[in-house]
Amino acid sequence: MSELSQALQSGRIVTVFGSSRAQASDPEYLAAAELGRLLGERGWTLCNGGFSGTMTAASQAVKEAGGSTIGVTVPIYFEGIANPWVDRNLATTSLFARLEQLVTLGDAYVVLRGGIGTLLELAMVWNAVQSDQAGKPIIVIGREWAEIISLLQVSLPMHPWEASSLTLVPTVQEAVACLEEHFASR
């Protein structure tokens, strides 16, 4: 059985979204590395975009903790070459196909601090869990996201339950505690 097949059967794939621009000394890079370590120690599979920044940090940390990784790449970025800590690279043909794979593969989602691409990923998965991906948690880390989500609630038409489909936490450790609770209840 392939590594990807095993990961899919485990029901413990955590798709992580975050900044590709983060550098090794940046707080979001360090948070991604801590998240990766904690996922790897628990035997959960990390799925992310497979490139640089938080994707590299989380992937390397998962591997160093004994876990496995899936990268979903697209050739418009870095010629589609995944970082060296990706076990299984799923090369897609477009940004839309990449987003679809990242959302579909995840059994849970964690959103780290990021830029416009991360905002797009959050919006996509947020909408998906209200339809065909229902029951999968979205855990959003950080004060910045809490402010943005609060602004969206005030500024856009939104049902009360839409915002409640997100779990806002201040730290990686609290995000992992939410994941543990979710996976234990399945």
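Using the numbering used here, read the sequence shown as starting at 8 and increasing by one per residue. Using N, Cα and C, we set each Cβ at its ideal position, and we do this for glycine too. No experiment lies behind these values; they were computed from the predicted model shown.
Extent of the continuous beta strand (DSSP E) run through TYR116: By 1-based counting over the sequence shown, the position of residue 116 is 109. For TYR116, the enclosing beta strand (DSSP E) stretches over residues 115-118.
Bridge-paired residues (DSSP) for VAL176: For the purposes of this step, residue 176 is taken as the residue at position 169 of the sequence shown. Note: VAL176 sits in a beta bridge opposite ILE148.
Cut-off 6 Å between Cβ atoms - residues of its own chain near LEU175, not counting five sequence neighbours on either side: Here residue 175 is taken as the residue at index 168 of the sequence shown, counted from 1. Cβ within range, chain order: VAL147 and ALA153.
At least 3 beta-carbon pairs within less than 8 Å: the segment 12-32 vs the segment 54-74: Between the segment 12-32 and the segment 54-74 there are three or more inter-stretch CB-CB distances shorter than 8 Å, so the stretches are counted as touching.
Element boundaries [beta strand (DSSP E), containing ALA98]: On the sequence shown, position 91 is the one that residue 98 refers to. Its beta strand (DSSP E) spans residues 95-98.
Beta-carbon proximity of ASN96 to GLY113, cut-off 7 Å: Taking the first residue of the sequence shown as 1, we reach residue 96 at position 89. Taking the first residue of the sequence shown as 1, we reach residue 113 at position 106. No Cβ-Cβ contact shorter than 7 Å links ASN96 with GLY113.
Anticipated Cβ contact below 8 Å, LEU42 with ALA182, distance rounded: For this step, residue 42 is matched to residue 35 along the sequence shown. For this step, residue 182 is matched to residue 175 along the sequence shown. Contact flag correct, Cβ pair sits at about 7 Å.
LEU173 beta carbon less than 7 Å from that of ILE145: Residue 145 sits at position 138 when you count from the first residue of the sequence shown. Residue 173 sits at position 166 when you count from the first residue of the sequence shown. Annotated as proximal: ILE145 and LEU173, with beta-carbon spacing under 7 Å.
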